[in-house]
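Letter 695 of the sequence shown, counting from 1, is numbered 695 in the UniProt record's numbering, and no numbers are missing.
We put the beta carbon where it would ideally sit given N, CA and C, even for glycine.
Below is one structure; the comments refer to it alone.
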Amino acid sequence: MSRENIKLFDPVLRILRSVYSSVLTLEEYIAGIRFKEDNRQPLVLSTDSAKYKKFITSIIVCTSADSKSLAQPTSYEQLCTLKELVSIILKKIMQKKKRNVLAHGLKGVGENCASVFSQQSNHCTSAISSGPLWDLLLQRIGTAVMMHLLESCALFTTVAPSCLYQVAGIPVYDHFITGDNYSSFKCVRLRSLHNRFNVLLQLAKSKVNFYRNRRKSQKRMRKHQKKRGAPGPRQNISKTDSEGPPTKKAKKEPGCNTIEERKQKAKKAPVSAVFFKAQSMLYSSFKSSVLSKQPKVQSRADPVKQINSNAEDLVKDIFLCRKGFDGRKKIPKRFKSMLGTFSQLLKNHRKCPFHLFLERTCSEEPTGQNTVAKATGSLDSKEPSDFQGLLSKETKPTQVYMFIRECLKYIIPFQLWGSQHNFNRFLINVKKLISMGKFDRLSLQEVLWKMRVQDCDWLKLNKSASCPATEHRYREKILASFLTWVLGTLVIVLVRTSFYVTESSWQKNMLMFFKKKIWRRLWDMAISKHLSQGEFVSLRSEEFAKATVATVRFIPKRNGMRPIVKMGAVVEQKPYSSQLRNLYDILCVNVTKRPHLLGSSVFGLQDIYRVWGDFAVKNKAQNLPALPKYFVKVDIAGAFDSLPHEKLLEVVSSVLKPVMDQEYCIRRYAQIWADSNEGLKKNFRRHATMLGDLLPNMRSFTAVQQKKSNLRNAILVEQGLSMNVFGHEMLTFFQEMLANVVLRIGNKTYRQCCGIPQGSIVSTLLCSLCYGDMENRILGDLKENGCLLRLVDDFLLITPHLSKAQMFLRILAAGIPEYGCVINPQKIVANFPIDNILNCSGALQLPLECLFPWCGLLLDTHSLDIFCDYGSYAGVSIRYSLTLGSTSQPGQHMRKKLLSVLKLKCHAIFLDLKINSQQAVYLNIYKILLLQAYRFHACVINLPFGQKVHNNPTFFLTVISEMAAYSYSIIRQRNKETQFGMKNASGLLPFEAVQLLCYSAFLVKLSTHRCTYKCLLGNLKTCKRRLERKLPMDTLCLIRHVTDPPLPQDFTAMTS
1 MSRENIKLFD PVLRILRSVY SSVLTLEEYI AGIRFKEDNR QPLVLSTDSA KYKKFITSII
61 VCTSADSKSL AQPTSYEQLC TLKELVSIIL KKIMQKKKRN VLAHGLKGVG ENCASVFSQQ
121 SNHCTSAISS GPLWDLLLQR IGTAVMMHLL ESCALFTTVA PSCLYQVAGI PVYDHFITGD
181 NYSSFKCVRL RSLHNRFNVL LQLAKSKVNF YRNRRKSQKR MRKHQKKRGA PGPRQNISKT
241 DSEGPPTKKA KKEPGCNTIE ERKQKAKKAP VSAVFFKAQS MLYSSFKSSV LSKQPKVQSR
301 ADPVKQINSN AEDLVKDIFL CRKGFDGRKK IPKRFKSMLG TFSQLLKNHR KCPFHLFLER
361 TCSEEPTGQN TVAKATGSLD SKEPSDFQGL LSKETKPTQV YMFIRECLKY IIPFQLWGSQ
421 HNFNRFLINV KKLISMGKFD RLSLQEVLWK MRVQDCDWLK LNKSASCPAT EHRYREKILA
481 SFLTWVLGTL VIVLVRTSFY VTESSWQKNM LMFFKKKIWR RLWDMAISKH LSQGEFVSLR
541 SEEFAKATVA TVRFIPKRNG MRPIVKMGAV VEQKPYSSQL RNLYDILCVN VTKRPHLLGS
601 SVFGLQDIYR VWGDFAVKNK AQNLPALPKY FVKVDIAGAF DSLPHEKLLE VVSSVLKPVM
661 DQEYCIRRYA QIWADSNEGL KKNFRRHATM LGDLLPNMRS FTAVQQKKSN LRNAILVEQG
721 LSMNVFGHEM LTFFQEMLAN VVLRIGNKTY RQCCGIPQGS IVSTLLCSLC YGDMENRILG
781 DLKENGCLLR LVDDFLLITP HLSKAQMFLR ILAAGIPEYG CVINPQKIVA NFPIDNILNC
841 SGALQLPLEC LFPWCGLLLD THSLDIFCDY GSYAGVSIRY SLTLGSTSQP GQHMRKKLLS
901 VLKLKCHAIF LDLKINSQQA VYLNIYKILL LQAYRFHACV INLPFGQKVH NNPTFFLTVI
961 SEMAAYSYSI IRQRNKETQF GMKNASGLLP FEAVQLLCYS AFLVKLSTHR CTYKCLLGNL
1021 KTCKRRLERK LPMDTLCLIR HVTDPPLPQD FTAMTS
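Shown next, in the form of structure tokens:
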């Protein structure tokens, strides 16, 4: 590979070097092999074709540390044809059940996989076995080397301008875990910007240098005094690493690049590999309301893990994993002394008054400060609905904690805790687990932190003897097993059997706890509502023998319950989920070719930015006097549940009928790339095309994807190519899906005769197609000279014609029964008079010039500037919008999480200077960074092992400075054609202005927690003063206007 090619492919080669121990070109790899024969032909001859030479230079050979090495010296003789060689390799892979890209889509049959047949096309295998270039390569290097390359190495091929695809070997995504090695992929281009102009980073570095020089001078002083015989000064500077628990001196462990190395590391340190997940408390059944009092009953409600009431069995199950300890082998002496204590535990469990504790600690009386009531607005309502009344009886996490505390006090003898200190430490971790978000987890290492092993006499074999280090470590291991059983089994089962735990539609990842009888009533009311509306029809068992059975669960929403459906697994021949994905892919292909089928549908913020950007730029480019613009927002009530099946079938048939006999091909592949802040990432994708548009091989596909999309610096791995998927098959499947979808709710089964299940991959697309057809037939002429947007079932019309806005609202308010369209009058918003329109009682009428809310956005009706609506965070803890988890490096995990969230929030729709004014962009930046300051505080107060900011303030100052630099780099990417700041801090948006907005936002939030951030506030104020002196007066005045008041109105109701 030439130097120019190395520069082009350097980013992807860096990915390979971070995963594999050796990354070489094919020529370099062959040059390192010793052959027996001396008269071997070179790999490339001068007479070879240019195509062959290019082929050789494009192959990259990678090997890992555990790859099988080639026996040397070897022979270059060709013992078989290439087709025979590939067949032998495939049989060996199948017999040994190894993973290899060559075997993707293939299946072995017969004894020991004697024969191999193709389930899906594998172009990599066919290209190698029948390719003339590969055949010539086999002649040059011989059978042994070729077999080693295809079986034991990972081969990649370059595709200009910047991508690779894998040809053979274990898939590259099996060698790493998502997020690995993120420090290796930092954006080098911005480092000079950090070093030269980042004021806070320069200040942090100067403080680091100051303390480093101070420690050096103290060291020299101690050495000088030691020579003179005088005692040295006592060192008072204590530095605690923010990446883990405070230790005297921690050795840095080498990084683990492969999954096998991580497993070996976990075996060496089992405590750090054990986690307690909050998800284990979710979605329990109604079978029992409290714990079973008979431990002999084998059910999930048994906290003794389905074992007999014998204390010896319990001790074996907790400490000895019950393997190898049957009746023929005696229990060890150390554990035999524990039997009396655990017998007492079992007796306490049988006598425990669970019902009494539950009623005493978890009152059903709704409180005035209930989060559900505050979110739904029921506090202001004199007669709340039945749903709101029951939702207000949610059990608080503190009440759940009090119930668990009472049960643990009663069940577990005090001797097992050893001291009140240990019991209190464990309760702190119980409270932390109950208060976690849906995707959070608690590590066993954190549970063991500050637990006093010496207080537990039951761990000691000889209570009078001294305790060597090995004995102490063994006692820690026993205590860890006990705490794992108590927290992971007893506490989790106590929660699951006494409460129903679920998330809600408005509380981000926060968990809600309901007593079983309360949730039963909510469940029954939700089912009765759907039955009364005619959406479900009850079935007998023989009526759904061949149907797809789906399970249903409900999650609370502001005024009721939302059903979430999990579809069944199999429909006769093919898996249901696979057929459903095929239907989705084929519908997407046809919608892409005929976009008018979707009407005004948008599927996310990027689509809104595309449509809104064109509309705003077009309006701002006109030099005519600004005409008033009329905005109206309409929401369809129960959109997914109200779609008629007849209309759905008609709409889908109109999409698929023109392509009934068309054959489709679906390519499945994996994409691996490196993010500058999140490290290595992977994504599994599907790409459907008509047979006539199918690209012949992976090389062509990779080249075309780089031209058509933003695919850059990535590695592709083909997983299979599905053929023979026809349009008429998909239409038949869709008809069966509508007719045979059966919902299992509790012990009863129902057929859904109206609407589509929420949670399916095709639900949103089907809903958009149906309403797109309604727009094309009924609402087509109303968006002239205006803009019509619809996010699933939320309509927004902007038009300069008042009559068209009123007509649009009048049509939808009257309802369109043909499409099951009935609007929710409580969610209508307009900036014009609507009193004379029927069915609009309760609608919100705004002034002509205002900030108009729609789908989490605020639209300026006069200037068409666009802002983010932070009202959805009111009354919600910012902590639950983050998944903090528990890692070995919490500081770096915090930095990575904050930067990844910042990237998501800095969307172009808020930062584009073409569609927004300069003041609007400044205000958006300030609010984004102010919300980031709230997240920063939420991360800091949840750092494990008692880490504090004053232990390592330089780290936290660096994180804040990186957020300013990272946000500025994103802003520049969003405005590539705009000239930004100059060296003298002038221009539309200089880097100094973004820094000042960032540090001002952090000062607003961190100043309210002065005790926690005392060591940061002075540095931030110093940087703020320096930046104010650098910026020109007009930019400074604009920033002061944007940051007045410092805390905007929509941030006052947020909590950390």
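The three-state reading of DSSP puts Gln671 in strand, counting E and B together. Burial is judged here by how many other beta carbons sit within 10 angstroms of a residue's own beta carbon; Thr47 has fewer than 16 and is exposed.
In this structure, Thr74 and Ala144 form a Cβ contact; the two beta carbons are roughly 5 Å apart against a cut-off of 8 Å. Taking a cut-off of 8 Å on C-beta distances, the segment 643-658 does not touch the segment 864-884, as fewer than three cross pairs fall below it. In this chain, the alpha helix (DSSP H) harbouring Pro11 covers Asp10 to Val19. If you draw a straight line from the Cα of Phe156 to the Cα of Gln671, it comes to about 14 Å. DSSP, reduced to helix, strand and coil, places Trp449 outside both helices and strands of the structure shown, so it counts as coil.
Residues Val23 of the same chain have their beta carbon placed closer than 7 Å to that of Arg17, with the five preceding and five following residues left out of the count.
In this structure, the CA atom of Leu859 is about 47 Å from the CA atom of Asn697. Between the beta-carbon of Tyr771 and that of Glu718 there is about 37 Å, and that puts the pair past the 8 Å contact cut. Within the segment 438-499, the runs of beta strand (DSSP E) at least 3 residues long that lie entirely inside it are, in chain order, 441-443. In the three-state reduction of the DSSP assignment, Arg974 falls in the helix class, which pools H, G and I. At a cut-off of 3 residues, the continuous stretches assigned as beta strand (DSSP E) that sit fully inside the segment 636-716 are 663-675 and 679-690.
Between the alpha carbons of Glu729 and Val742 lies a distance of about 21 Å.
In this structure, the CA atom of Ser69 is about 12 Å from the CA atom of Met147. Annotation: Tyr173 to Ser967 spans about 30 Å, alpha carbon to alpha carbon. Within the same chain, Cβ atoms closer than 6 Å to the Cβ of Val829 are found at Lys633 and Leu844, the five residues on either side in sequence being excluded. Contact check for Arg810 and Ile837: beta-carbon distance about 5 Å, within the 8 Å limit, so the pair qualifies. Here His355 is exposed: its Cβ has fewer than 16 other Cβ atoms, across all protein chains shown, within 10 Å. With fewer than 16 other Cβ atoms inside 10 Å of its own Cβ, Phe684 counts as exposed. Closest by C-alpha distance to Leu711, out of Ala626, Trp673 and Met737, is Trp673. Asp607 and Leu797 have their C-alpha atoms roughly 16 Å apart. When DSSP states are grouped into helix, strand and coil, Gly1018 belongs to the helix group. Residues of the same chain with a CB within less than 7 Å of the CB of Leu345, apart from the 5 flanking positions on each side, are Ile411, Ile412 and Pro413 in chain order.
Taking the CA atoms as reference points, Gln507 sits about 11 Å from Ile555.
Taking a contact to require three or more Cβ pairs closer than 8 Å, the segment 479-487 and the segment 447-463 qualify as touching.
When only Cα atoms are considered, His175 and Val19 end up about 6 Å apart. Note that the C-beta distance between Arg562 and Ser505 is below 8 Å.
Here the segment 839-858 lies against the segment 817-826, with 3 or more beta-carbon pairs under 8 Å apart.
Boundaries cannot be given for Cys855, as no beta strand (DSSP E) includes it and DSSP labels it neither H nor E. When secondary structure is reduced to three states using DSSP, Ile798 falls in the strand class.
Look at Arg1040 here: in three-state DSSP terms it is helix.
Take the alpha-carbon of Ala1053 and the one of Leu1047: they are about 11 Å apart.
Put simply, the backbone Cα of Ser87 is about 18 Å away from that of Glu77.
The beta carbon of Ser1056 sits closer than 8 Å to those of Ser877, Ile878, Arg879, Tyr934, His937, Ala938 and Ile941, all from its chain and outside the five residues before and after it, given in chain order. The segment 125-134 makes no contact with the segment 32-44, as fewer than three CB pairs between them are under 8 Å.
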